[in-house]
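Residues 33 to 232 (our numbering) make up the sequence shown, in order. Even glycine gets a Cβ: it sits at the ideal position worked out from N, Cα and C. Bear in mind that the values here come from a model prediction, so they are computed numbers and not experimental data. Notes for the one structure printed next.
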Amino acid sequence: MKGKTHAGIGMITYIAICSQLPGKFSYLGAATAIFSSLLPDIDHPKSIVNKYILPFKNKMTKIVLYTCSGIIILWYDYIYAHQPVLKAIAIMFFIIALSSHRKGLTHSITGMIMFGLIVGFIGNMYNKQFLIYSFIAGYGMHLICDMMTDRGIPLFYPFKSKNVKWPITYKTSSKAGNFVEELIMIVGLLYIVMELPKLF
């Protein structure tokens, strides 16, 4: 599924559930849902997130940048901070560096839990506990939606590497796939236009 579709579905999901969340609607919550709906694809050097991070959109650049970032974070934590959350972020950077697209941790329940623990910790630090709900909504919908594609995802990685997908799937960037994603975006946009005024 395309990045813009994931972002749109993340926003749609947040609008649908935010009235039931602590703190109700917030721009930070919406931004978190959109970001987390894109986060699983961070293992791809040409994803929307990496588009703004990597100077060169290839696997080697991704490996070098995320590995070096993880080392720098560990060094900073060892010398100055001594914070468990920084160690966790560094480990996740190493995992991202070594993961191939849809073949590793970021497209699994385990990855969602690990990222979720980091977000939950940060949310507690700044008294923004609602962030974890927005994060799980966006990340979880990304996994559910990628199961609609013919490739599926390694949902239970690292315990099982077999890709999981729905009984009915489509091929990304095919005519049918583009139609499905465009339809989702149109219906979703109409839903947001109708629901958003009710939240203020």
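Taking a contact as a CB-CB distance under 8 Å, the pair proline 77 and threonine 93 counts as one, their CB atoms being some 7 Å apart.
Bridge partners of isoleucine 185 according to DSSP: Val196. Here glycine 209 has Tyr202 and Lys203 as same chain residues with Cβ atoms under 7 Å from its own Cβ, once five neighbours each way along the sequence are excluded. Annotation for lysine 119: the continuous alpha helix (DSSP H) segment containing it runs 116–130. The residues Leu70, Asp73, Ser79 and Ile80, in chain order, have a CB closer than 7 Å to that of glycine 35 in the same chain once the five nearest residues on each side in sequence are set aside. CA-CA distance, glutamine 52 to threonine 45, rounds to 12 Å. A Cβ-Cβ distance of about 5 Å is found for the pair threonine 64 and phenylalanine 167, placing them in contact under the 8 Å criterion. Considering only Ile150, Leu149, Met124 and His114, the residue with the shortest C-alpha distance to threonine 138 is Met124.
By the C-beta density criterion, leucine 231 is exposed, having fewer than 16 other C-beta atoms within 10 angstroms. In this structure, the straight-line span from the alpha carbon of isoleucine 127 to that of isoleucine 103 is close to 12 Å. The beta-bridge partner set that DSSP reports for tyrosine 202 consists of Thr181. When secondary structure is reduced to three states using DSSP, methionine 226 falls in the helix class. CA-CA distance, leucine 215 to alanine 113, rounds to 48 Å.
Contact between methionine 33 and aspartate 178 holds, since their C-beta atoms are separated by about 6 Å, short of 8 Å. Between methionine 217 and threonine 37, the CB-CB gap stays under 8 Å. Here DSSP, grouped into helix, strand and coil, assigns serine 166 to helix.
Just so you know, the alpha carbons of glycine 148 and leucine 175 end up roughly 14 Å apart.
A residue is called buried once 16 or more other Cβ atoms fall within 10 Å of its Cβ, and isoleucine 200, having fewer, is exposed. DSSP places leucine 53 in no alpha helix (DSSP H); its state is neither H nor E.
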